[in-house]
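Chemist: Protein sequences appear in the order of chains A and B. With numbering that gives the first Met the number 0, the residue at position 119 of the first sequence is 118, and numbering never jumps. With numbering that gives the first Met the number 0, the residue at position 69 of the second sequence is 68, and numbering never jumps. Beta carbons are placed, not taken as given, at the ideal position from N, Cα and C, and that holds for glycine. Before we start, here is the structure in question, set down as structure tokens.
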Amino acid sequence: MGKPKFEESWRNYFDGAESDVPDSLWSKIEVDLVRAENKGQRKSLVFYRRLAAGIALIAGALATYITYDQLNQEEATYALSEETAPRPADGRQSENGDIQEPTKGENSSNERSPLNNTLAIDNTMRQKSLLKQSITSSQKSSAASLPLFGVVESNNSSMPQEEKYRRRLGDYRPDIPESEIKIRSEEFFEPNFPRRLPAMPSYFVASNNKDDERQSENLWAALGFAGGSYSPGGGSGSYASQSAKNAVNQLSFSNATPQSEQAKLGVAYSGGVMVGKEISPKWVLQGGIGFLSQQIDYTSNYIASNTFSGAVQDNSLEALVTEYDAPLNNVYLTSPYTIRSASEYISIPVQAGYKVIDKKFGLQVNAGLASDLFLKNKLTDESGQSESFSQSAGSQSPYRSVNWTGLMGIELSHKIANHYRLAVVPGVRYSLTSIVKDDVGLAKKPLVLDLGMRVKYIFN
Amino acid sequence: MQRDEELIKGCAKGDRASQRALYDRYCRKMMAICQRYSPNSEDAEDALQEGFVKVFNNISRFRGEAALGTWITRIMINTALNKQRQKLRMLPIVEVDETQAYQEDEISLSQFHFEELLGLIQSLPDGCRIVFNLFAIEGYTHKEISELLGISVGTSKSQFNRARTLLMSRLRTLDETKASYGKAKI
């Protein structure tokens, strides 16, 4: 039997070899695991916190509107009460409808003063009023037991109130003391007790409150911006060129996939201008143009570089995403590092909006589509060790030049001036098509949840 | 004792007991591997700690194409290599004559303790130690090593030859020391 080769002897010796491990090592591993788990939970917490904030905002806006509407209904309701309906004060109705004065002694159960009788007569001469007025205790003492009717009249006339009252009485009644005339005239023209109107459906009431009128906004323009979370979709794998994948696949360590992991959530920003037109009392058509940025981090533990002269080039992120005709000749593992991928688009949204609430406070539900024109994607090594790399749209780019995105959201607005409306716009953007081309072999359909602010100028 | 499949399921769910069981099952073997690739025990412990964290964070991706021990071994080797990555960039690019014949050693390793041989490996220069481990013990070819480490095939061969020469020299020294000690005892 020949002597084993040098390599075989060492391999056989260390095959299955074991060594002691410090007891404290497991504790250190546990700490790292807990840290990693907390990091994942924090990201989920950020998402749910934002969602809760959006829901709270919507709930607050709705509660504010409901409270506002209820208050308006209480102020502007009327009621018809039989108790306050004008009735003859113990007088008999004559054939022609006039009320005759009751003769003295005929009605002893409801004996009244001549003044009260006169008031009753006067009331029957007026049209029946639908107003009921509550009488303060001081007024009750002077008004005896008669319900008091009154209509607020304009005080624009230069005629003294007392004279107006006298004329309303029809005939001059010298038996009515001056003090009573004065009191009665003041009460007649300027009731100083609060008007309390029983509840009545608001649609029976003609409101003079301009705020309750429908806000007709035929044409408007708006400036807005939004920010939110960005989920790249399509799993945790990051994009890598086929050249890089082939090179990594040849590594016997790897499980045939590049070991790079994308963060679960990124950040999205957008800003732009919009124009809207009311196409019916409840429907709005709006569109605009804006700038959209979506960025996400991912960690990688390999570097791919393409060498031509035999010397190792400086690390560049270009080799990770560029397709080469010849196989990459240098792929090696590194310690994990973070790469930031930032994509920029020009977005052209078109939406239809339905006005759920169309008053000073507004609630509108929007839905539509946007075409996102891809501008560029920039890869940046956060540690600074590798060169950044930007790629724009084109036949060589893995990114689609145009993407279609579904839009959905609500708009909570408040009219702050005649021509200005301020709105909060929580919304969702979901890519209907993958942002990378089909031949990449990786479908990415980002989902963006954002919250925006919009300032509208209303032309007419 | 739990089967590997059960441990994998438990670890994928984040069950700490399953993770501890997996760790206990493989930690000693992986420690020996990390020690071979690291210049000292501290680096080996760091590599082992980091390697197991990677194992638990990525165990849901384990597809069963290889044995679990093999998969964990590869992660440990990757982790240990990453820690030595900087040093690999400084390896000289040297072409080696492929026809050079190697002198067969006449020293049996069985007479040495594990710690002695481990110490010899750890005493090698960094590049020599890594290439030696990959070629002699893990069984990679020089081409695979060159692709893995980002060096040329010639560099891989020269590093291994140097490692081999150093080890043989130190083994002879160690062997002579043992022999003289034995003679002295007698």
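#1: Tell me whether N217 of chain A sits in a helix, a strand or coil according to DSSP, three-state version.
#2: For the segment 30 to 47 of chain A, enumerate the residues whose C-beta is nearer than 8 Å to any C-beta of chain B, in chain order.
#3: For the segment 4 to 29 of chain B, list every residue whose C-beta sits within 8 Å of some C-beta in chain A, in sequence order.
#4: Check Q83 of chain B in the structure and name its three-state DSSP category.
#5: Is there a Cβ of chain A sitting closer than 8 Å to that of I136 of chain B, yes or no?
#6: Could you tell me the boundaries of the alpha helix (DSSP H) in which E41 of chain B lies?
#7: Roughly how many angstroms lie between the CA atoms of Q48 of chain B and R60 of chain B, to the nearest whole one?
#8: Contact criterion: CB-CB distance below 8 Å. Does R128 of chain B meet it with respect to chain A?
#9: Expressed to the nearest angstrom, what Euclidean distance is found between the alpha-carbon atoms of E222 of chain A and D371 of chain A?
#10: On a CA-only basis, which of B:I58, B:N160 and B:N81 is nearest W70 of chain B? Give me that one, please.
#11: Applying a beta-carbon distance threshold of less than 8 Å, which residues of chain B neighbour L465 of chain A?
#12: Taking all protein chains shown into account, do 16 or more other C-beta atoms lie within 10 angstroms of the C-beta of T78 of chain B, making it buried, or fewer, making it exposed?
#13: Tell me which residue opens and which closes the alpha helix (DSSP H) that Y12 of chain A is part of.
#14: Does any CB atom of chain B fall closer than 8 Å to the CB of R453 of chain A?
#15: Is it true that the CB of I129 of chain B sits closer than 8 Å to the CB of R10 of chain A?
#16: Would you identify the three-state DSSP class for D31 of chain A, choosing helix, strand or coil?
#17: Which residues mark the beginning and the end of the beta strand (DSSP E) in which S391 of chain A is found?
#18: How would you list, in chain order, the residues of chain A whose beta-carbon sits under 8 Å from the beta-carbon of I178 of chain B?
#19: For E17 of chain A and chain B, any beta-carbon pair shorter than 8 Å?
#20: Can you list, in chain order, the residues of its chain with a C-beta nearer than 6 Å to that of K276 of chain A? Leave out the 5 residues immediately preceding and following it.
#21: Report yes if the CB atom of K377 of chain A is closer than 8 Å to the CB atom of S389 of chain A, and no otherwise.
#22: On the three-state DSSP scale, how would you describe N160 of chain B?
#23: Quick one: Cα of R189 of chain B to Cα of S400 of chain A, how far?
#24: What does the Cβ neighbour count give for K354 of chain A, buried or exposed, with the cut at 16 atoms within 10 Å?
#25: Roughly how far, in whole angstroms, is the beta-carbon of G271 of chain A from the beta-carbon of F290 of chain A, given that I think they are within contact range, below 8 Å?
#26: Answer yes or no: does any C-beta atom of chain A fall closer than 8 Å to that of L67 of chain B?
#27: Among the residues of its own chain, which have a CB less than 8 Å from the CB of F159 of chain B, if the five just before and after it don't count?
#28: Does the count of Cβ pairs from the segment 17 to 29 of chain A and the segment 16 to 32 of chain B closer than 8 Å reach three?
#29: Would you mind telling me which residues of chain B sit closer than 8 Å to W219 of chain A, beta carbon to beta carbon, in chain order?
#30: Within the same chain, show all residues whose beta-carbon is closer than 6 Å to that of I106 of chain B, passing over the 5 residues directly before and after it, in chain order.
#31: Suppose the cutoff is 7 Å on Cβ atoms and the five residues either side in sequence are ignored; what does the same chain contact list for N459 of chain A look like?
#32: Using only CA atoms, which one of B:T164, B:L108, B:S155 and B:K156 lies nearest to I123 of chain B?
#33: Do you know offhand how far I57 of chain A's Cα is from A35 of chain A's?
#34: State the CB to CB distance for the pair P231 of chain A and P445 of chain A, rounded to an integer number of angstroms; the pair is presumed to be in contact (CB under 8 Å).
Modeler: On the basis of the data shown:
#1: coil
#2: D31, L32, A35 and E36
#3: G13, R15, Q18, R19, Y22, C26, R27 and K28
#4: coil
#5: Yes, its Cβ sits closer than 8 Å to a Cβ of chain A.
#6: S40 to N57
#7: 19 Å
#8: By this cut-off, R128 of chain B is not an interface position.
#9: The sequence given here places Leu at residue 222 of chain A; Glu does not occur at that position. Going by the C-alpha atoms only, they are around 19 Å apart.
#10: B:I58
#11: The displayed coordinates of chain A run from 0 to 459. Any statement about residue 465 of chain A would go beyond what the structure contains.
#12: buried
#13: Following the DSSP letters along the chain, one finds Y12 of chain A inside the alpha helix (DSSP H) bounded by residues F5 to F13.
#14: Not closer than 8 Å to any Cβ of chain B, the Cβ of R453 of chain A fails to qualify, so no.
#15: no
#16: If DSSP states are grouped into helix, strand and coil, D31 of chain A belongs with the helices.
#17: F388 to S391
#18: The residue asked about is misnamed: residue 178 of chain B is Ala in this sequence, not Ile. In chain order: nothing, as chain A lies at least about 19 Å away.
#19: yes
#20: L218 and L284
#21: yes
#22: helix
#23: Lying outside 0 to 185, the shown extent of chain B, residue 189 of chain B is not represented and no answer is given.
#24: buried
#25: 6 Å
#26: no
#27: C127, V130, F131, F134, A135 and H141
#28: yes
#29: Those within 8 Å of W219 of chain A in chain B number zero; the least Cβ separation is about 51 Å.
#30: Beyond the five residues adjoining it in sequence on each side, I106 of chain B comes within less than 6 Å, by CB distance, of L170 and D174 in the same chain, given in chain order.
#31: N217 and L218
#32: In the sequence on display, residue 123 of chain B carries Leu and not Ile. For the residues B:T164, B:L108, B:S155 and B:K156, the minimum Cα distance to L123 of chain B belongs to B:T164.
#33: In a straight line, the C-alpha of I57 of chain A is about 34 Å away from that of A35 of chain A.
#34: 5 Å
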